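Here the protein sequences line up with chains V and L, keeping their order.
Under the numbering used here, the first residue of the first sequence carries the number 1, and numbering increases by one thereafter.
Under the numbering used here, the first residue of the second sequence carries the number 289, and numbering increases by one thereafter.
Yeah, the Cβ is synthetic: ideal placement off N, Cα and C, and Gly gets one too.
Note that this is a predicted model, so its numbers are computed, not measured.
There are 2 protein chains.
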Amino acid sequence: MADWIAVEWRGAHLRIWGMSRAGEVRSSREVGASGAEKPTDIVDALTAVLGETPSVPILASGLPALIEDPERGYVPVPCAPPGLANAVKCQGVGLDLWLLPGLRQAQPTDLTKGAETRIKGYLALNPKFDGVICLPEAQTVWAHISAGEIVSFRSFLTSTLRDCLAQSRLLGGAVSADAWDEAAFVEAVAGAMTRPAEMAARLSSLRAAHVLGSADSGQEAARLAGVLIGVELAAARPYWLGQQVALVGEDKLCRAYAAALGAQAVPVERTDADRMTLEGLKAAFAEA
Amino acid sequence: MADWIAVEWRGAHLRIWGMSRAGEVRSSREVGASGAEKPTDIVDALTAVLGETPSVPILASGLPALIEDPERGYVPVPCAPPGLANAVKCQGVGLDLWLLPGLRQAQPTDLTKGAETRIKGYLALNPKFDGVICLPEAQTVWAHISAGEIVSFRSFLTSTLRDCLAQSRLLGGAVSADAWDEAAFVEAVAGAMTRPAEMAARLSSLRAAHVLGSADSGQEAARLAGVLIGVELAAARPYWLGQQVALVGEDKLCRAYAAALGAQAVPVERTDADRMTLEGLKAAFAEA
């Protein structure tokens, strides 16, 4: 039996960990899930997965949009990663369900929803870390960390763009999910960083090369990602230039970012996203 | 009865004009159609729409990918817009079906599929035109025209990106099809032209403003388009700077490009895409 339940809702995935009070994982589940629009969606999903309505406390990350008051749903930076003191209890759902807020930045306007918990986990394991954490996912977040606080951050819809384009009528046929040509990727990153404005034209060239049969599928997939990540790196330069960067994310995407940053001579360290999420939820719950 | 049939297959639309030998339109139809993968798809679609298999010659634009030999499917620039001498007859389909090729450019690698016919139509009506034609659509084409030839061109998947993002999980909710705030659009264009690399971050800000409820739907739709068109204008500067630009495209999209170019003090003239397509097909057929 779990003493409490850690939950993360990210993209189309719901992760559930049954936890002991001491922070040991007693069980874990991962299921596909469409978006949660209201707190009862979480209750329904948990009950369906666990086979019963849980009676222990539940702490959830990645769902700040479900907190009714945006002032409480997003904590303004600079701040320490949100913890139990910032969590908002869901009313009238019949469960002891707490939602962790995201981060908010006024200028440039930006939000996070889940990255803040992974940052919390990373800092729990690396309390003296000062530098930059990059969290590549559908919405990639770059965060400046100093003295245990998130000083500023910027997020990019780079992978959202990639996934959209990979499913589009014009480019869809050109991108295989599996093939990958590392040299083509690094070259595309370099080209895009030099002339970022040409992004939509480079995508058009990619499509033309596909129609003419002048590129293989590994080159095509790598070039699509390379163009988009290169444009992101051009804009995120103030984050990585002269910095040590900790990459926290899914393995394949992090390897691409590591290759792109490595080509700019930026030293990187890679860490698993799910593990950091769990460490962040554990660190938050331990504040009880 | 038609003497010949003019056809355009663009995106998800099939346009069919029944023509007299003198170039008068006897009938016209527009139907929704998914992609044509092989010449018999055109035969099937025409037969379904017309209620019989046509016995008159058919000249089709927008389907260069169906021409088996890419060398004949795309004419290299510089060249005059492809005409009947470049058209390729489909074999073994039981119809007198001719496909017009697109344009091909070696460096930067690029192709057109349909824009070349609208350019032909525009030049048929404006034979002395020297300057730049911009054809905004799913794949926007910018073309330098001199002495009746397409000297060079560049295409951008800007509207493809917009449509992809408008349907995405992260941004989908933020974009209404109808609302439009012109001032927000022009401001977003200017911002994106200044720092084009920040595109994916600006999209993230757009999402954040939507979640926080700090923008109305007209501002959101206009900012999404403005960011993407602004990045395109930054890259297409060699095409429009100091030029007279003829815009050929669908009305709403052309009005957006006209506003963006107008803010850069570029004089523009707007012309309807369907009309230019028909004029281009007529000009090609008249070469018989």
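So V/E137 and V/E52 are supposed to be a Cβ contact under 8 Å. How far apart are they, rounded? Wrong, their Cβ atoms sit about 31 Å apart, outside the cutoff.
Put L/S440 into one of helix, strand or coil per three-state DSSP. strand
Output needed in chain order: residues of the stretch 87-119 of chain V with a Cβ under 7 Å from some Cβ in chain L. P108, T109, D110 and L111
CB contact below 8 Å: L/R360 versus chain V: no
Classify L/T559 as helix, strand or coil using the three-state DSSP reduction. strand
What are the residues in the stretch 150-162 of chain V lying within 8 Å of chain L by C-beta distance? R154, S155, F156, L157, T158, T160 and L161
Alpha carbon to alpha carbon, what distance is there between L/L413 and L/L372? 18 Å
Do the stretch 92-106 of chain V and the stretch 54-74 of chain V make contact, defined as three or more Cβ pairs closer than 8 Å? yes
Quick check: is the beta carbon of L/E486 nearer than 8 Å to any beta carbon in chain V? yes
Helix, strand or coil for L/E470? Go by DSSP, reduced to three states. helix
Nearest to V/I58 (by Cα), restricted to the options V/E37, V/G35, V/W9 and V/L135: V/W9
For V/I58, the residue or residues it bridges with in DSSP: V/I5 and V/L97
Looking at the C-beta of L/S456, does it have a partner C-beta in chain V at a distance below 8 Å? yes
Taking a cut of 9 Å between CB atoms, which residues from the stretch 252-263 of chain V lie near chain L? none
Residue range of the alpha helix (DSSP H) that L/S505 falls in? S505 to A523
Can you tell which of V/V189, V/Q244, V/A184 and V/A174 has its C-alpha closest to the C-alpha of V/G213? V/A174
Proximity below 8 Å, CB of V/G35 to CB of V/H13: no
Over what stretch of residues does the beta strand (DSSP E) that includes L/T341 continue unbroken? Neither: L/T341 is in no beta strand (DSSP E) and is coded neither H nor E.
L/E318 burial status per 10 Å Cβ neighbour count (16 or more: buried): exposed
Take L/S308 and list the residues in its own chain whose beta-carbon comes closer than 8 Å to its own, dropping the five residues that flank it on each side. A290, D291 and R314
Are at least three pairs of beta-carbons, each pair with one atom in the stretch 186-199 of chain V and one in the stretch 476-490 of chain L, less than 8 Å apart? yes
Interface flag, V/L66 vs chain L, CB-CB below 8 Å: no
V/V211 CB to nearest chain L CB: under 8 Å? yes
What three-state label does DSSP hand V/P196 in the structure shown? helix
What is the DSSP secondary structure of L/I407, reduced to helix, strand or coil? helix
From the DSSP output, in three-state form, read off L/V365 for me. coil
For V/W17, list the residues DSSP reports as bridge partners. V/A6 and V/S28
What residues are listed by DSSP as bridge partners for L/I433? L/G419 and L/I438
Among the candidates L/R558, L/R495 and L/E520, whose CA atom is the shortest distance from the CA of L/Q532? L/R558
Below-8 Å beta-carbon distance, L/L347 vs any chain V residue: no
Which bits of chain V does L/A523 rub up against, with CB to CB less than 8 Å? R195, A197, E198, M199, A200 and A201
Same chain, Cβ closer than 8 Å to L/G299, neighbours up to 5 away in sequence not counted: E425 and A426
With a 10 Å radius around its C-beta and 16 neighbouring C-beta atoms as the bar for buried, classify L/S325 as buried or exposed. The identity of residue 325 of chain L in the sequence shown is Glu, whereas the question assumes Ser. Looking at its Cβ environment, which holds fewer than 16 other Cβ atoms inside 10 Å, L/E325 is exposed.
Can we say the stretch 150-158 of chain V touches the stretch 204-218 of chain V, given the rule of at least three CB pairs closer than 8 Å? no
Terminal residues of the continuous beta strand (DSSP E) containing L/G537? V533 to G537
What are the boundary residues of the alpha helix (DSSP H) that includes V/R104? It is not in any alpha helix (DSSP H) - V/R104 instead sits in the beta strand (DSSP E) that spans G102 to Q105.
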